[in-house]
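First residue of the sequence shown? That's 274 in this note's numbering, and the numbers climb one at a time after it.
The C-beta atom is built at its ideal place from N, Cα and C for all residues, glycine as well.
Notes to accompany the following structure.
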Amino acid sequence: MTESGDDAGAHVARMIGKDAFSRWLGVELVSLAPGACTLRMMVRRDMINGFDVAHGGIVFSLADSAMAFACNGGPEVTVAVDNSISYPAAVRVGDELVARAVEERSTSRLAFYAVTVRRSADDAIVALFRGTVYRTAQRHDATDP
274 MTESGDDAGA HVARMIGKDA FSRWLGVELV SLAPGACTLR MMVRRDMING
324 FDVAHGGIVF SLADSAMAFA CNGGPEVTVA VDNSISYPAA VRVGDELVAR
374 AVEERSTSRL AFYAVTVRRS ADDAIVALFR GTVYRTAQRH DATDP
């Protein structure tokens, strides 16, 4: 990632502004750096499944959003091509979650991310997410994410 922090922040701000799903999740940007992003969100009652715990898709979506914002700070539009997740602990209504995405390795077109999702109250790891992204030939501009 070679763009300045200001450019990266502008790309991500535009993405967040156009990302209705991340807004519905209630994600809040905590920090952004080249190849890294930290998001925070609260788990609401409408995110709970039939077992009275957060639906796995909610936690996956938080991790995916953290990776998306981390990988799109550069000049190229970057998209996920493969993701996996493990859930070592349950998440409940009222839990505040913090997702930290970090680029571990990259090539000219691919980058590999690790995202750790923790529960704020006890710092427990509730999800471990791995993702691969592809840097497209499309460039970010001032009007599109």
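Residue i, enclosing alpha helix (DSSP H) - first and last residue
i      : result
MET340 : 329-344
Cross-strand partners of residue i (DSSP beta bridge)
i      : result
PHE385 : ARG378, THR405
ILE398 : ARG391
ARG365 : Answer is none; ARG365 lacks a bridge partner.
ARG287 : Note: ARG287 sits in no beta bridge, so no partner.
ALA372 : LEU312, VAL390
ARG412 : GLU349
Rounded separation between residue i and residue j - CA only
i      : j      : result
GLU376 : ALA343 : 8 angstroms
VAL366 : SER357 : 24 angstroms
ALA374 : LEU312 : 9 angstroms
GLY299 : VAL326 : 18 angstroms
LEU370 : THR389 : 10 angstroms
GLU349 : ALA400 : 28 angstroms
LEU305 : MET288 : 13 angstroms
ALA283 : SER295 : 17 angstroms
PRO307 : VAL285 : 11 angstroms
ASP396 : VAL332 : 15 angstroms
TYR386 : SER359 : 14 angstroms
GLU276 : ASN345 : For GLU276, the predicted structure reports a pLDDT of 49, less than 50, and the residue's modelled location is therefore unreliable. The matter cannot be settled from this model.
N-terminal and C-terminal residue of the beta strand (DSSP E) that residue i is part of
i      : result
ARG296 : First-last for ARG296: 293-298, but that is the alpha helix (DSSP H), not the beta strand (DSSP E).
ILE358 : 349-359
MET314 : 309-315
ALA306 : 301-306
Residue i at chain B interface by Cβ criterion, 8 angstroms
i      : result
ALA286 : Among the chains in the structure shown there is no chain B, since it carries only a single protein chain.
Near the ligand FAD: residue i beta-carbon under 7 angstroms from a heavy atom
i      : result
ALA363 : Absent from the structure shown: the ligand FAD. Ligands present: none.
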